[in-house]
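Student: Note that our numbering has the sequence shown beginning at 6, numbered continuously upward. The structure follows.
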Amino acid sequence: MNTTPYLPTGTVYGTLLNFQREHALWAPRMGEPPYKAPPQAPVLYIKTANTFTPAGQAIALPRGVAEVDVSASLGLVAGEGGAVAGCVLFNDVAVPHASYYRPPVKFRCVDGFLGVGRALRPWDAVGGFEGLAGLQLELRLHGVLKQTVALADLVRDAATLWADVNAFQTLRPGDVLMLGTDCLSDGSRPRARVGDAVEITATGFQPLVNHFTGEQT
């Protein structure tokens, strides 16, 4: 049995505004500048390699950052020939910020700001796209449930998002496409501080746990 924690070998793409609740909250503002219309294609961003933190390892908050947004997500890992090889849990961490309009990379791509699930779950074990439809992710802070994320609430379901992204760019073997992250009812996300432990779980996946520490001097 391979006990080495999984880490992405390609580019990791995140998806914005792909849950119905957050999309609805932002809908009244989508006609404002600079775009003046709702997005017609998936809105993507990149989590750079310096953000990858294996399961079980600590994530350090930079000096001057008291708390961070933590978000449960599921990533589709690309295999050969445009197929999906499997899925991985992620904790997408970000410095809280108010705007999706070209947010500075420094909010999302801080060192260590992507907790990565311990193992890739093979695509056939997931049950393919149909198997994902009923999957729920749970986020706990110190064992207390803070958020349940249902993949049934996606704007673009996993199959549609995968097809739409591959229509305008080629996902190479090892690349990862995260399906998105959901917000709470007030539009915010759960927050973590130094000393907190965040656990993300889903049926059939090994739990993803990361502790938050202060930046070392």
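C-beta atoms are modelled at their ideal positions from N, C-alpha and C, and glycine is treated no differently.
1. Could you tell me which of T165, I51, T20, N215 sits nearest to P13, measuring between CA atoms?
2. Mind checking S193: buried by the 16 CB within 10 Å criterion, or exposed?
3. Between the Cα of P47 and those of F210, G200, Q174, spot the shortest distance and give me the residue it belongs to.
4. For G91, list the residues DSSP reports as bridge partners.
5. Would you mind reading off the limits of the alpha helix (DSSP H) that contains N171?
6. When DSSP builds the beta bridges, which residues end up paired with L140?
7. Can you list, in chain order, the residues of its chain whose CB lies under 8 Å from that of G19, leaving out five sequence neighbours each side?
8. Just to confirm before moving on: does the CB-CB distance between L94 and F210 stay below 8 Å?
9. Looking only at its chain, what residues have a beta carbon closer than 6 Å to the beta carbon of T206, apart from the 5 residues adjacent to it on each side?
10. Mapping the DSSP letters down to three states, classify K111 as helix, strand or coil.
11. Counting Cβ pairs, one atom from each stretch, are 3 or more of them under 8 Å apart for the region 113-123 and the region 54-63?
12. Which residues bound the alpha helix (DSSP H) around H28?
13. Just how far apart, CA to CA, sit V160 and Q25?
14. Suppose you measure from the CA of C92 to the CA of Y11; what does that come to, to the nearest Å?
15. Where does A71 land, buried or exposed, given buried means 16+ other C-beta within 10 angstroms?
16. What's the call for V149, buried or exposed, on a 16-neighbour Cβ count within 10 Å?
17. Span of the beta strand (DSSP E) holding G19?
18. Please report the straight-line C-alpha distance between L166 and E135, rounded to a whole angstrom.
Tutor: Let's see:
1. I51
2. exposed
3. Q174
4. V82, P127
5. 163-173
6. None; L140 has no bridge partner.
7. L49, Y50, I51, K52, S78, D97, R113, M183, G185, T186
8. yes
9. E143, P212
10. helix
11. yes
12. 25-31
13. 5 Å
14. 11 Å
15. exposed
16. exposed
17. 17-21
18. 14 Å
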